[in-house]
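Numbering (the working numbering), first residue to last: 17 to 257.
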């Protein structure tokens, strides 16, 4: 890669230093849009990373290397010009490793990320770079389940309908409630989407009624719209008694 020749030109070999320090980086890493990645930069050769500032650069195809940040400690970190705070540095002293974290991955983050160490060395030492790819995550339609109010709750003249939405991606859905086909907005509460362990998303929506309101309609429906498609689930009070 062109940046290798540029960076190698900056190296000044140290004589009498043994063992020679080396920065190791994984060759590649892939993660989906919106995820957070952490790139490792391991200092080998019997040198203590706590003594060094870690520099991170981004090399995008067709662009000059971009300085992202310098990290020495939690209280001594500097971002480069126009670098958003979703880029951050850290160290693990026990592992003699520096890290670059990128939160909320975007398509424009596809690039090679190069780490380097500077003072107190008499030169800059560069790692081999990690190529980060950001593939599109496959779309997944939501699974929707609508639960009617329980008999115990109805005995208190309250009625809560629960609409559970799971396994969808990307993580945006719109929920609409209807009673006998007419939109209902009063008594509706919908939670923000949250990520599941399988990296898909889940959400829930509630419709709170009185027992009398519940019994006064022929049907209630929860309609979930995701990526232009709608899933509708319906319950009928007459079938829940």
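We treat Cβ as the ideally placed atom computed from N, Cα and C, and that holds for glycine. Keep in mind it's a predicted model, so treat the numbers as computed, not measured.
Query, Result
"Length of the line joining the Cα atoms of residue 245 and residue 189", "10 Å"
"Cα-Cα separation between residue 206 and residue 187, rounded to whole angstroms", "14 Å"
"Completely contained beta strand (DSSP E) runs for the region 80-134, where each covers 3 or more residues", "82-89, 92-95, 103-108, 113-118 and 127-133"
"With 16 other Cβ atoms within 10 Å as the buried cut-off, status of residue 221", "buried"
"Local conformation of residue 168 per DSSP, three classes", "helix"
"Opening and closing residue of the alpha helix (DSSP H) in which residue 228 lies", "227-232"
"Cα-Cα separation between residue 192 and residue 149, rounded to whole angstroms", "37 Å"
"Residue(s) in a DSSP beta bridge with residue 4", "For residue 4 there is no data in the structure shown, the boundaries of the chain being 17 and 257."
"Residue 245 (DSSP reduced to helix, strand or coil)", "strand"
"Per-residue DSSP class, three states only, for residue 255", "helix"
"Residue 177 to residue 211 span [Cα, whole Å]", "23 Å"
"Beta-bridge partners of residue 163, as assigned by DSSP", "178"
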